[in-house]
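From first to last, the protein sequence lines stand for chains U and L.
Residues are numbered in my numbering as their position in the first sequence, beginning at 1, plus a constant of 539.
Residues are numbered in my numbering as their position in the second sequence, beginning at 1, plus a constant of 11.
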Amino acid sequence: MKKVIGLMMSLVLLFGVLAGCSNSESSGEAKGDKDVDLKVWSFTDELKEPITKFEEKNGVKIELTIVPIADYPTKLKPVLESGVGAPDVFTGEIAFLKQWVNAGYWENLSEEPYNVNEIADNYVPYVFDLGKDENGDVRALSWQTTPGGIYYKRSIAKEVLGTDDPAEIGEMLTSMDKVFEVSEKMKEKGYRMFPDEGAIRWFSQGDNPQAWVNDKDELKLTDQKIEFLDYAKKLREESYTALAPEWSPSWFEAMDKPIKVKENGKETKTEVFSYVLPTWGLHSVLKTNVEDSVGDWAVTSGPSPYFWGGTWLGVYNKSENKELAYDFVKMMTQDNEFLTDWAKDTGDVLSYLPVTKEIKDDFSDEFLGGQNNYQFFLEQAKSIEPGIVTKYDQQLDTFYGNAVQEYVDGKKSKDEAIAEFYKKAQNAYPELKVPKK
Amino acid sequence: MKNLNRYGYAFIAPFWIIFLIFNIYPVALTFYYSFTNYSGSGTAEVVGFANYQRLIADSYFVEAFFNTWKIWGVNFALQIVIALILAMIFSDARVKMKGLSFFRSIFYLPNLITVSSVALLFGILLDWQHGSLNMVLMNIGLISEPINWLNQPTTAQLSVSLILTWMWFGHSFIVVMAGVSGISTDFYEAALIDGANRWQTFTKITLPLLKPILLYIMITSLIGGLQLFDLPMLLTDGIGSPDGSLNTMVLYLYNQAFKYNNYGYAAAVAYGLFIITVIFSAIVFKSMYGNERKQARRV
Chain U
540 MKKVIGLMMS LVLLFGVLAG CSNSESSGEA KGDKDVDLKV WSFTDELKEP
590 ITKFEEKNGV KIELTIVPIA DYPTKLKPVL ESGVGAPDVF TGEIAFLKQW
640 VNAGYWENLS EEPYNVNEIA DNYVPYVFDL GKDENGDVRA LSWQTTPGGI
690 YYKRSIAKEV LGTDDPAEIG EMLTSMDKVF EVSEKMKEKG YRMFPDEGAI
740 RWFSQGDNPQ AWVNDKDELK LTDQKIEFLD YAKKLREESY TALAPEWSPS
790 WFEAMDKPIK VKENGKETKT EVFSYVLPTW GLHSVLKTNV EDSVGDWAVT
840 SGPSPYFWGG TWLGVYNKSE NKELAYDFVK MMTQDNEFLT DWAKDTGDVL
890 SYLPVTKEIK DDFSDEFLGG QNNYQFFLEQ AKSIEPGIVT KYDQQLDTFY
940 GNAVQEYVDG KKSKDEAIAE FYKKAQNAYP ELKVPKK
Chain L
12 MKNLNRYGYA FIAPFWIIFL IFNIYPVALT FYYSFTNYSG SGTAEVVGFA
62 NYQRLIADSY FVEAFFNTWK IWGVNFALQI VIALILAMIF SDARVKMKGL
112 SFFRSIFYLP NLITVSSVAL LFGILLDWQH GSLNMVLMNI GLISEPINWL
162 NQPTTAQLSV SLILTWMWFG HSFIVVMAGV SGISTDFYEA ALIDGANRWQ
212 TFTKITLPLL KPILLYIMIT SLIGGLQLFD LPMLLTDGIG SPDGSLNTMV
262 LYLYNQAFKY NNYGYAAAVA YGLFIITVIF SAIVFKSMYG NERKQARRV
């Protein structure tokens, strides 16, 4: 009797273990077959509303999984590799977009039955272009465009520069030299041009936008980018910034009120004139952190056009429900009615031109003193150079940002900083051909 | 009788199955990957010992090795000294400190806070322009310029060490206290009668008898310390800034694998780390127990 009980108990234990393994799989399948028609993965809750609309319209059920951006690539990758519990539709952020379009997880949308190349002209060129893989096939589409500008305070502009008109201010900032002229004027009146030196990194391409890595796998550091080292240093040395690093508490604080700056043994109170931010900076950064100066802001162009961020989405190539999956992608990126509502609700600047053509003239934002930021950003988007984004950008930008920081802080000479940048780039990407210096 | 023995295997089977799937399999797979150029997706190509050759010549890995030791060493020295002093005070028969359990929980509290919150908290406290620490130091006149704590290699490493000390001294204190309370009071009474002072009691009775406990703390702390990752990752930009001073071995491994997609090389880094951990654990163990055995033989 004891033997039987012993055997039973060990079997129970054993099955318990195995059940733990198989359970998740079978329940996953059950979900895929019965309750849920489509699985979507993303890194923000942005898609919640569209999904509800899509569900109502088509009478289907969608399961949205949100993974915070820091873990998103590491969590999604194994799922896509194995195909177990994988989403039918998933989004990609610009930081890892290039890597993913080439990894082959997304369905080729240039082929039958999607044929998205036929509607290529409906999109802002650089946005459409970024969704292409190495062979020029489209893997992902985006509904938004994220060009950037310089957001500034109207009251300070009026006091120091004599005008608060975005077009006129933009004229005063067409080159880095001109930016420094304005910075000097700001300083004389006790203001600071930017919160920190990092603010101008988006203009580091200068008038010569080039990819970090060319098609021969060669790392290219343009003269303009090297010049940028000196620009950043000048900002610091001339006290044009408020020493408030991006995303730090003081960076947010300086948007709305004067902040204290401690340098050279003195403490001074100052206000920051402008922030370099893209489209989404208005809704998710400025509006959420500013109370007192609502309506006192405006947006204008900087020395060179740039874009920052963006979300693309595509269909998983092993999805069992590709038709419905693509329907969802279609709604997000090509549905006139949906996109019009979306743009009006969220203020998101769309990349789908048939809709933007209709709505761009009626936009005006109270926060920006009634300025039509929509038109402004669409203009900016046109001048963005397509084809200079590589899968290396995220890391190389970080490495170069570090090199700049070390040079600005006076820890390294210019040559040392550049040499260190090359060394780090080579270490992270052994396949690159890095100049020997 | 023979049959009975077999049930034993059935009972340990659940553990073994889990252990094989979730421990042995990944460890073996990592070992295989360390000989390939696997990039996280697609197929892996076997490249022989290339990754290990690169590892030995990699100045960033060497830098990470010394950084890890520096940060862990300062932290451990401080932590153990604080724990011993506290243990001395609380165990002293002449002082008769009250509220041991109260202080024990207070000291242990920092350990209960998740590291990400700790990093956020200290990121704000140590802020260059607006951090409370600089404000206090400037107000009492110790410094005239704010110190950019997390932007200079030495201060950044020291900051991490001190945060770790703050997080872990309570844990060490509890373990040391447990060891101290296991020492028979007879020794202390005898010492008292013989006229030993506090220092003598501590160095001649408490410390030698605490040796196994201290060894335990040291080995666990060493293994944890060599895996230092979360604080350096969260305090600055995640790639070891400033000047690579917070680049620890596991952080380097993580970046090689998940940021640069060099999974094959990262696997080699993992095995490098494993070998280093084994070597140092063995050294610690030998140096604390090896002498004892020799002495025992001589006596």
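Beta carbons: idealized from backbone N, C-alpha and C, even for Gly.
Looking at residue j and residue i, is the spacing between their C-beta atoms short of 9 angstroms?
i: residue 817 (chain U); j: residue 713 (chain U); result: no
i: residue 687 (chain U); j: residue 844 (chain U); result: yes
i: residue 140 (chain L); j: residue 947 (chain U); result: no
i: residue 579 (chain U); j: residue 629 (chain U); result: yes
i: residue 295 (chain L); j: residue 233 (chain L); result: yes
i: residue 971 (chain U); j: residue 752 (chain U); result: yes
i: residue 811 (chain U); j: residue 793 (chain U); result: yes
i: residue 157 (chain L); j: residue 945 (chain U); result: no
i: residue 75 (chain L); j: residue 260 (chain L); result: yes
Quick one: is residue i near chain U, going by C-beta distance under 9 angstroms?
i: residue 103 (chain L); result: no
i: residue 272 (chain L); result: yes
i: residue 241 (chain L); result: no
i: residue 77 (chain L); result: no
i: residue 145 (chain L); result: yes
i: residue 250 (chain L); result: yes
i: residue 178 (chain L); result: no
i: residue 310 (chain L); result: Note on residue 310 (chain L): pLDDT 46, under 50, position unreliable in the model; the coordinate value appears next. With 9 angstroms as the cut-off, residue 310 (chain L) does not count as an interface residue toward chain U.
i: residue 276 (chain L); result: yes
i: residue 115 (chain L); result: no
i: residue 267 (chain L); result: yes
Output, in chain order, the set of chain L residues within a Cβ distance shorter than 7 angstroms of residue i.
i: residue 952 (chain U); result: What residue 952 (chain U) touches in chain L: nothing, since even the nearest Cβ is about 14 angstroms away.
i: residue 968 (chain U); result: 271
i: residue 620 (chain U); result: 52
i: residue 613 (chain U); result: 269
Taking only beta-carbon positions, decide if residue i is within less than 9 angstroms of chain L.
i: residue 948 (chain U); result: yes
i: residue 788 (chain U); result: yes
i: residue 570 (chain U); result: Because residue 570 (chain U) sits at a pLDDT of 42, beneath the cut-off of 50, its placement in the model cannot be relied upon, and the following sentence gives the value as read from the coordinates. So, not an interface residue.
i: residue 626 (chain U); result: no
i: residue 972 (chain U); result: no
i: residue 934 (chain U); result: yes
i: residue 804 (chain U); result: yes
i: residue 920 (chain U); result: no
i: residue 799 (chain U); result: yes
i: residue 736 (chain U); result: no
i: residue 564 (chain U); result: For residue 564 (chain U), the predicted model reports a pLDDT of 39, less than 50, meaning its position is unreliable; a value from the coordinates is still stated below. No, residue 564 (chain U) does not count as interfacial toward chain L.
i: residue 792 (chain U); result: yes
i: residue 607 (chain U); result: no
i: residue 561 (chain U); result: In this prediction, residue 561 (chain U) has a pLDDT of 43, which is less than 50 and means its spatial position is unreliable; what the coordinates show is noted afterwards. So no, residue 561 (chain U) is outside the interface.
At a CB-CB cut-off below 9 angstroms, which residues of chain U make contact with residue i?
i: residue 170 (chain L); result: Within chain U, no residue comes near residue 170 (chain L); the closest Cβ sits about 16 angstroms away, beyond 9 angstroms.
i: residue 135 (chain L); result: 787 and 788
i: residue 71 (chain L); result: 962, 963 and 966
How would you write the range of the alpha helix (DSSP H) that residue i sits in, first residue to last?
i: residue 213 (chain L); result: Counting along the chain, residue 213 (chain L) falls outside any alpha helix (DSSP H), and DSSP gives it neither H nor E.
i: residue 628 (chain U); result: From DSSP, residue 628 (chain U) is part of no alpha helix (DSSP H) but of the beta strand (DSSP E) over 628-632.
i: residue 771 (chain U); result: 762-776
i: residue 171 (chain L); result: 164-192
i: residue 581 (chain U); result: First-last for residue 581 (chain U): 577-581, but that is the beta strand (DSSP E), not the alpha helix (DSSP H).
i: residue 590 (chain U); result: 587-597
i: residue 940 (chain U); result: 932-947
Cβ closer than 7 angstroms: which chain U residues qualify as neighbours of residue i?
i: residue 162 (chain L); result: 948
i: residue 140 (chain L); result: 782, 783, 789, 800 and 801
Can you name the residues of chain U whose CB is closer than 8 angstroms to the CB of residue i?
i: residue 51 (chain L); result: 616
i: residue 155 (chain L); result: 804
Since residue i meets chain L, which of its residues come closer than 9 angstroms, beta carbon to beta carbon?
i: residue 975 (chain U); result: Those do not exist, as residue 975 (chain U) stays about 16 angstroms from chain L at its closest Cβ, beyond 9 angstroms.
i: residue 642 (chain U); result: 51, 52 and 53
Below 8 angstroms on C-beta distance, what does residue i contact in chain L?
i: residue 882 (chain U); result: Per Cβ cutoff of 8 angstroms: no residues; residue 882 (chain U) is ~34 angstroms from chain L at best.
i: residue 814 (chain U); result: The contacting residues do not exist; residue 814 (chain U) stays about 17 angstroms from chain L at best.
i: residue 945 (chain U); result: 253 and 254
i: residue 941 (chain U); result: 248, 250 and 252
i: residue 937 (chain U); result: 248 and 250
Starting from residue i and walking both ways along the beta strand (DSSP E), at which residues does that stretch end?
i: residue 813 (chain U); result: 813-817
i: residue 689 (chain U); result: 687-692
i: residue 801 (chain U); result: 798-802
i: residue 850 (chain U); result: 850-854
i: residue 601 (chain U); result: 601-605
Where DSSP assigns a beta bridge to residue i, which residues make up the other side?
i: residue 836 (chain U); result: U:692
i: residue 904 (chain U); result: U:910
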